[in-house]
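Take a look at the structure set out below.
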Amino acid sequence: MHIVIVEDHPMILQVLTAALAAIADYTVEGCSSAAAGIAACRNGADLAIFDYRLPDMTGTDAVRILRDDPLTRHLPIIMITGDNDARTRLEAIKAGATDFLQKPVNIDEFRLRVRNLLALHDAQKTSEERERLLETVIAAAGACIAVADARAPETPILFASDALAKFTGRHIHDLIGKDPLQFLQEDAGSPVLRDIEAAITARQSGSCSIELKRSDGARSWTQVTLRPVPDTGKQARFLVITLSDISDMVEIRAAHDKLAARMSDIARISGAWFFEIDDACCLSYVSEAMATALGASADMVQGVHVDQLGGRFASPARKGQPLSTLFGAPFHPVENELLTFRLLDGQVRAVQVSIVPFKDADGQFAGYRGYAGDVSDIAQARDAAARASRAKSAFLATMSHEMRTPLTAIMGMSELLTRDSTDPDQRANLGMITDAAMNLSDVLGNLLDVAIMESGTLGLNTAEFDPVLALDRATRIHRQDAQAKGLSFDCRIEGAARGVRLGDGARVRQIIHHLLSNAVKFTPQGAVSVVLDLHKVDALTLTVTDTGIGMRPEELEAAFQPFLQADDGIARRYGGSGLGLSIARWLSNAMNGSLRLDSHFGKGSTATLTLPLPQTRNTQVDADDISLHGHHVLVADDNRANRKILDVMLRKMGADVTLCADGQEAIGLWKTQPFDLLLLDINMPEVAGTDVMRNVRETEAQRAAPPVPALAVTANAMPDQVAHYLEVGFDGCVGKPFTRAALASALRHVLHHG
Numbered sequence: 001m002h003i004v005i006v007e008d009h010p011m012i013l014q015v016l017t018a019a020l021a022a023i024a025d026y027t028v029e030g031c032s033s034a035a036a037g038i039a040a041c042r043n044g045a046d047l048a049i050f051d052y053r054l055p056d057m058t059g060t061d062a063v064r065i066l067r068d069d070p071l072t073r074h075l076p077i078i079m080i081t082g083d084n085d086a087r088t089r090l091e092a093i094k095a096g097a098t099d100f101l102q103k104p105v106n107i108d109e110f111r112l113r114v115r116n117l118l119a120l121h122d123a124q125k126t127s128e129e130r131e132r133l134l135e136t137v138i139a140a141a142g143a144c145i146a147v148a149d150a151r152a153p154e155t156p157i158l159f160a161s162d163a164l165a166k167f168t169g170r171h172i173h174d175l176i177g178k179d180p181l182q183f184l185q186e187d188a189g190s191p192v193l194r195d196i197e198a199a200i201t202a203r204q205s206g207s208c209s210i211e212l213k214r215s216d217g218a219r220s221w222t223q224v225t226l227r228p229v230p231d232t233g234k235q236a237r238f239l240v241i242t243l244s245d246i247s248d249m250v251e252i253r254a255a256h257d258k259l260a261a262r263m264s265d266i267a268r269i270s271g272a273w274f275f276e277i278d279d280a281c282c283l284s285y286v287s288e289a290m291a292t293a294l295g296a297s298a299d300m301v302q303g304v305h306v307d308q309l310g311g312r313f314a315s316p317a318r319k320g321q322p323l324s325t326l327f328g329a330p331f332h333p334v335e336n337e338l339l340t341f342r343l344l345d346g347q348v349r350a351v352q353v354s355i356v357p358f359k360d361a362d363g364q365f366a367g368y369r370g371y372a373g374d375v376s377d378i379a380q381a382r383d384a385a386a387r388a389s390r391a392k393s394a395f396l397a398t399m400s401h402e403m404r405t406p407l408t409a410i411m412g413m414s415e416l417l418t419r420d421s422t423d424p425d426q427r428a429n430l431g432m433i434t435d436a437a438m439n440l441s442d443v444l445g446n447l448l449d450v451a452i453m454e455s456g457t458l459g460l461n462t463a464e465f466d467p468v469l470a471l472d473r474a475t476r477i478h479r480q481d482a483q484a485k486g487l488s489f490d491c492r493i494e495g496a497a498r499g500v501r502l503g504d505g506a507r508v509r510q511i512i513h514h515l516l517s518n519a520v521k522f523t524p525q526g527a528v529s530v531v532l533d534l535h536k537v538d539a540l541t542l543t544v545t546d547t548g549i550g551m552r553p554e555e556l557e558a559a560f561q562p563f564l565q566a567d568d569g570i571a572r573r574y575g576g577s578g579l580g581l582s583i584a585r586w587l588s589n590a591m592n593g594s595l596r597l598d599s600h601f602g603k604g605s606t607a608t609l610t611l612p613l614p615q616t617r618n619t620q621v622d623a624d625d626i627s628l629h630g631h632h633v634l635v636a637d638d639n640r641a642n643r644k645i646l647d648v649m650l651r652k653m654g655a656d657v658t659l660c661a662d663g664q665e666a667i668g669l670w671k672t673q674p675f676d677l678l679l680l681d682i683n684m685p686e687v688a689g690t691d692v693m694r695n696v697r698e699t700e701a702q703r704a705a706p707p708v709p710a711l712a713v714t715a716n717a718m719p720d721q722v723a724h725y726l727e728v729g730f731d732g733c734v735g736k737p738f739t740r741a742a743l744a745s746a747l748r749h750v751l752h753h754g
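Quick look at the structure:
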């Protein structure tokens, strides 16, 4: 503590200084004149001691000067005098002296009074600091606060924050000492204002919301809160009044109420199911429509566990699982989960549910909110469509089998007779039969391909093949057709990257066939040219150009749609089903390639096919024949003509052939004789070829015998069917009708012959 002593008598100054300097934490500054003492006090002092009689002025005058200075206004001052004069004492106290001592001074009393005054001054400073801190905090927070005197009948305002003054548009001095109600600016007859006035009069806590007019003229919703301190009623010493702008909160609440009303109306009108489920899988909210559908009121359904609602999963994979598993960890959103509910009227309804998790204020999982819609009609339509699709697939499979079986006999017998005939006319006639059968087979294949295209179940058989050989096979028949029409037919192969490529050779040949068929068909005169570009080792490009009828731009847009041709006249004049280009585009896309068509009406068209078919190191290519010398082959087919064709073809390849007409006989023969190869029809009346294959593979496993190579020879050769044959143990499949070359290629694959 810093103490200033002003005394013109050196001895007394020394005694007083020594008396205080001996006390720890006290620093004493002695002055011999009033002016020096005043200056020392202004530099910072905690206590001042002035002698009454000083050479330049009286101590009383010095006290007055200090009291007029804001820096020293509250400084504790002790007046010391040798005069025992009541008038002098009174004058000093009036001037602002805090205490008075008479000479000679009792040192103990002197020290005691100094200590008490310093303690009082320290407490006063602490109080002032806290008051300034509180005012600073209130100002920084921007809080609208007023403190009123609760002991006075009028409860006048003792303190008002700057924010409150700004809110009301008044100066703080205009608020101090006034009635708290005067700044609320509300109609005198307002019930809310009367409630506030009653709470102030009773010195009670209270809170209400009123719409007040701000200083800028705008009206805002304000929360008025009363807090008596330290207690309510007669114990109240102060009344703290706070104002909070809650306009945003009121607007949000109004918007929320509007939204809730809107959603409630939508839910009620639409009949949709809206619901909320808590973290215990119990319903915390349901829409009226949902409650009605479940045969209860919304209040009755709330709190019910989801497993008690009678719902079931529609998916067979989740059969028997409780509904609560849909809402468990890890709490992911769920979209379009199909459930079934049995309602009170006995109906079973299909309901599609979508849910999202939500969290509480602490960020913890709190449950799910969701929407459900009755999709029973859609589900019934879907099931009907699925049944129709299955019926169509069954019909196509039946038609495929029933048509391909006789086609196999026609094509096979024609090919065998052609090879054995030396009569040119007979060979020509047989060729016409073969061509007609192949055309019919192509039409049937196109129809089946369209069915596959619609179902999206195409499977590619990736293997090594020679694109040059594939092109040669595809161009044979179309070259003859072009020459028969008097057309020039040119086929060129460019590029050095020849050899074996990796891809589905059969599908590549099919694309080439469709492109050449269209080019020859729609070219009445002129030329058709084919260029196979093999410059790249990882891709090939095929270009087919014709000088035919061409297409208009609008016709070109529809060219790749199945069953569409430019007009009925085109179909009558040129024939065809309108499937070729759509199938070619679909196949090229399936192989990650592209097919572009450029056409000019009356001038011709150009089709450009690009396929990513990488070159392999294998230099072996397909051949039209294979040697089966030394192979004992078992053939099982219930169709006599097909058995005959396979018997002749296999024997010409050098095989020793055993024939049987049903699956049971095939099993018996295989168990009693050694065979190097099995060719089994699938649709045999007693025991199907797949059952024969299962029996063979099971017996081989029991005997620890090596598996015998086996081919399925069937008219049912769609991708999903072939995949099933491979699954039960077949090594490959030959689709009916087949040629000698197709059979040789399949045999080479399963026997791993070069």
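Following our numbering, the numbering of the sequence shown begins with 1 at its first residue and continues without gaps.
Virtual Cβ for every residue (Gly too), placed ideally from N, Cα, C.
Report the option in the options whose CA atom is closest to the CA atom of residue i.
i: N695; options: I277, L669, N716; result: L669
i: T60; options: F327, G82, K94, T408; result: K94
i: V713; options: A704, T690, Q702, E698; result: T690
i: V750; options: L646, I626, E698; result: I626
i: D278; options: C733, P709, P614, A366; result: A366
i: A152; options: T168, A202, C144; result: A202
i: A39; options: V63, A746, P467; result: V63
i: M57; options: P191, V6, P10; result: V6
i: F331; options: L515, Y368, D360, R617; result: Y368
With DSSP run on the structure shown, which of helix, strand or coil describes residue i?
i: T232; result: coil
i: M684; result: coil
i: Y26; result: coil
i: Q615; result: strand
i: C281; result: coil
i: K178; result: coil
i: R697; result: helix
i: Y725; result: helix
i: S745; result: helix
i: V353; result: strand
i: R572; result: Low confidence applies here, because R572 scores a pLDDT of 45, under 50, leaving its location unreliable and the question unanswered by this model.
i: D533; result: strand
i: T606; result: strand
i: D622; result: Confidence at D622 is low in this model, with a pLDDT of 49, below 50, so its placement is unreliable and the value that follows should be read with caution. Coil, per DSSP.
i: S209; result: strand
i: V304; result: coil
i: S582; result: helix
i: E337; result: strand
i: Q480; result: helix
Taking the DSSP output, what are the residues bridged to residue i?
i: A160; result: A146
Enumerate in chain order the residues of its own chain whose CB-to-CB distance from residue i is below 7 angstroms, with the five nearest sequence positions on each side excluded.
i: A655; result: L628, H631, V633
i: I511; result: A584, L587, S588, L609
i: R342; result: G310, V348
i: L75; result: C41, A45, A48, L66
i: Q702; result: none
i: G495; result: D533, L534, H535
Checking 8 angstroms against the spacing of the C-beta atoms, do residue i and residue j come in under that value?
i: V301; j: A289; result: no
i: G486; j: Q525; result: yes
i: V356; j: V375; result: no
i: T545; j: T462; result: no
i: I172; j: A165; result: yes
i: T155; j: D162; result: no
i: V306; j: S324; result: yes
i: V286; j: A272; result: no
i: A18; j: F110; result: no
i: G663; j: E700; result: no
i: L54; j: A86; result: no
i: A218; j: V229; result: no
Keeping to the same chain, check which residues put their C-beta closer than 6 angstroms to that of residue i; ignore five residues upstream and five downstream.
i: D676; result: H631, H632
i: T340; result: R312, A314, V348, A350
i: L175; result: I157, A160
Short of 8 angstroms in beta carbon distance, which residues of its chain neighbour residue i, apart from the five on each side in sequence? Order them along the chain.
i: L226; result: I196, A199, I200, Q204, S205, G206, S207, L239, V240, I241
i: G575; result: With a pLDDT of 48 at G575, under the threshold of 50, the predicted position of this residue should be treated as unreliable, though the coordinate-derived value follows. Correct list, in chain order: K521.
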